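Residue 815 is where the sequence shown starts when you use the working numbering, and the numbers rise one by one after that.
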Amino acid sequence: MSEKTKVQRLPAEELFQKELDALIAAEQYPVPAGWRMSPRSVLTYICGGKAGDTVITPKYIGHQRLVEIAISTLVTDRALLLIGEPGTAKSWLSEHLTAAINGDSTRVIQGTAGTTEEQIRYSWNYAMLIAQGPSPAAMLKSPVYRAMEEGAVARVEEISRCASEVQDALISILSEKRISVPELGLEVPAQKGFSIIATANTRDKGVNEMSAALKRRFNIVVLPSPETLEEEMEIVRSRVEQLSAGLDLAAQLPAEEVVEKVCTIFRELRQGQTLDGAQKLKGTSGVLSTAEAISLLANSMALAGSFGSGAVTDRDLAAGLAGAVIKDEEKDKLAWKEYLQNVMKKRGSRWLGLYKECQELL
């Protein structure tokens, strides 16, 4: 087994290395400083197309114009902020943009309540600091610091989950395009090509609201939820296929009907009405995002491969649906029961098997 096949999740630049190499080899347009390919080639990588004889698979299915705005932002000295509901592919798009632009999507800071200012700027190896005093060897550079030195793009995921003082550390970096290291008497300027892609979840808006000063330093792109059932199904299909390729699930990819059922249920409960608009539904406390639909189908494949025939059945699907929908035992269970009785049960023989399996788990 090769080293790559032992890794649970490869970064985008390794997973799609063949496509990236083909785009670089077929490049016909000017390449900005610090980039590996032109903005047009980055767009092809994200939205799909061809590079010579190589087919480039779409990484983001949605509004191409939004991707164009995101890419053109990174050509300038502005940082990029991707905002949207959970499951709108903010992190996915962020990773693939950096993979295409720099060939390295691993300069990333995951924003949490425990993220510190040092993780944005730099920290120290305290054993070396005590033994030798401040020195470049004792410094631990953050992903942002390294991106500034190398003229590359760094990622800050879930920026609104970081405390206000941590967010504010980015203001001077984005304004001055340099990091000051007073312990060493250094001013580290950003090289051409440096930028930051941040993501923020609209459901976490009230956690640590970004200041107006910080927002002004970003170009903001709002990523919408999939507009139609067909678009959501296409996203789910492609991501489940990519996800299952890296896992030993020993199962077939879900049939079209299975994907349609999951996306239909999620969309209806998310919107609070049936797809035809004829019936109002009780909402649930969970988001029921496209990302959760992908995870649910991957788990159903794992069940089918480990304990079934290898084909995802209504029984496998029902096992995951209850856990995905019922986050709040009291409120969500009632909404789910009503959905089963008032919607799923009345949809005829095609849905009857799933209805019976879901009923058994209540």
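A virtual CB, placed ideally from N, CA and C, is assigned to each residue, including glycine. All of these numbers come straight from a predicted model, not from anything done at the bench.
N-terminal and C-terminal residue of the beta strand (DSSP E) that residue i is part of
| i | result |
| --- | --- |
| ARG992 | 992-995 |
| GLY898 | 893-898 |
| VAL970 | 967-971 |
| GLU1001 | 1000-1003 |
| MET804 | Residue numbering for the chain in the displayed model covers 815 to 1176; residue 804 lies beyond these limits and cannot be assessed. |
| VAL922 | 922-924 |
| TRP906 | That residue, TRP906, is in no beta strand (DSSP E); its alpha helix (DSSP H) goes 904-916. |
| TYR936 | 936-938 |
| THR1078 | Taken as a continuous stretch (DSSP letters only), THR1078 belongs to no beta strand (DSSP E), being part of the alpha helix (DSSP H) at 1070-1085. |
| ILE1049 | Careful: ILE1049 lies outside any beta strand (DSSP E), inside the alpha helix (DSSP H) at 1043-1059. |
| GLY863 | 863-865 |
| VAL869 | 868-870 |
Local Cβ density within 10 Å of residue i, reported as buried at 16 or more and exposed below that
| i | result |
| --- | --- |
| GLN822 | exposed |
| PHE1080 | buried |
| LEU1166 | exposed |
| MET815 | Low per-residue confidence applies at MET815: pLDDT is 49, beneath 50, and the placement is therefore not dependable, though the value from the model is reported in the following sentence. Exposed, since its Cβ has fewer than 16 Cβ neighbours within 10 Å. |
| SER843 | Before going on, a small fix: residue 843 reads as Tyr here, not Ser. Under this definition TYR843 is an exposed residue. |
| LYS1160 | exposed |
| GLY1007 | buried |
| LEU824 | exposed |
| TYR1169 | buried |
| LEU1176 | exposed |
| LEU1154 | buried |
| ALA945 | exposed |
| VAL947 | Correcting the residue identity first, residue 947 is Gly in this sequence and not Val. With fewer than 16 other Cβ atoms within 10 Å, it is exposed. |
| GLY1091 | exposed |
| ARG1017 | exposed |
| ARG1030 | exposed |
| GLY999 | exposed |
| LEU911 | buried |
| GLU1143 | exposed |
Residue i and residue j closer than 8 angstroms at C-beta
| i | j | result |
| --- | --- | --- |
| ALA808 | ALA865 | Outside the shown range of the chain (815 to 1176) lies residue 808, about which nothing can therefore be said. |
| VAL881 | ILE860 | yes |
| LEU1037 | LYS873 | no |
| MET953 | TRP938 | yes |
| SER1114 | LEU1102 | no |
| PHE1032 | ARG892 | yes |
| THR858 | ILE870 | yes |
| LEU1013 | LEU896 | The displayed chain sequence assigns Thr, not Leu, to residue 1013. Their beta carbons are under 8 angstroms apart, which means THR1013 touches LEU896 by this criterion. |
| GLU827 | GLY917 | yes |
| ILE923 | VAL958 | yes |
| LEU1057 | ALA1112 | yes |
| GLN1093 | VAL1157 | yes |
| LEU984 | LEU943 | no |
| ILE838 | ARG854 | no |
| LYS974 | ASN1015 | In the sequence as displayed, the identity of residue 974 is Ser instead of Lys. It is a contact, given that the beta carbons lie within the stated cut-off. |
| GLU1045 | ILE883 | no |
| ALA1149 | LYS1096 | yes |
| VAL1072 | VAL1126 | yes |
| SER1025 | ASP982 | yes |
| CYS1077 | ALA1136 | no |
| GLY1100 | LYS1151 | no |
Best match in the options for proximity to residue i [C-alpha to C-alpha]
| i | options | result |
| --- | --- | --- |
| THR1098 | ALA1112, LEU954 and LYS1145 | LYS1145 |
| THR926 | GLU972, LEU1154 and ALA941 | GLU972 |
| SER1163 | LEU1148, ASP1128, LEU1175 and GLU1152 | ASP1128 |
| PRO1040 | GLU997, VAL1050 and ARG1031 | VAL1050 |
| SER1109 | GLY1122, ALA1138, PRO1038 and GLU1048 | ALA1138 |
| VAL980 | GLU931, GLN946, ILE1010 and LYS873 | GLU931 |
| ALA1116 | ALA1064, MET851 and GLU1106 | ALA1064 |
| LEU907 | ILE944, ALA983, VAL970 and VAL958 | VAL970 |
| ASP1062 | GLY1124, PHE830, SER989 and PRO900 | GLY1124 |
| GLU899 | GLY1119, GLU1174, GLN1173 and THR1104 | THR1104 |
| PRO1003 | ARG1017, GLY1060, THR1016 and LEU988 | LEU988 |
| GLU833 | ALA914, ILE885, LEU894 and THR902 | ALA914 |
| GLN878 | GLY863, ASP867 and THR868 | GLY863 |
| GLU841 | SER949, VAL856, ALA1059 and GLN1085 | VAL856 |
| ALA1069 | MET1024, ASN1022, ALA1118 and ILE1034 | ALA1118 |
| GLU1048 | SER994, ALA1107 and GLY1100 | ALA1107 |
| THR868 | GLY928, GLY901, ARG992 and GLN831 | GLN831 |
| SER919 | LEU829, ILE993 and GLY901 | LEU829 |
| SER949 | GLY928, VAL995, ARG921 and SER852 | VAL995 |
Start-to-end residues for the alpha helix (DSSP H) that takes in residue i
| i | result |
| --- | --- |
| ILE1034 | Careful: ILE1034 lies outside any alpha helix (DSSP H), inside the beta strand (DSSP E) at 1032-1037. |
| SER1114 | 1104-1121 |
| ALA1014 | No alpha helix (DSSP H) contains ALA1014, which is instead part of the beta strand (DSSP E) from 1009-1015. |
| ALA836 | 831-839 |
| GLY1137 | 1128-1139 |
| LYS1147 | 1143-1156 |
| GLU1023 | First-last for GLU1023: undefined, no H or E at that position. |
| SER1163 | 1163-1174 |
CB contact below 8 angstroms: residue i versus chain C
| i | result |
| --- | --- |
| ALA977 | No chain C is part of this structure, which consists of one protein chain only. |
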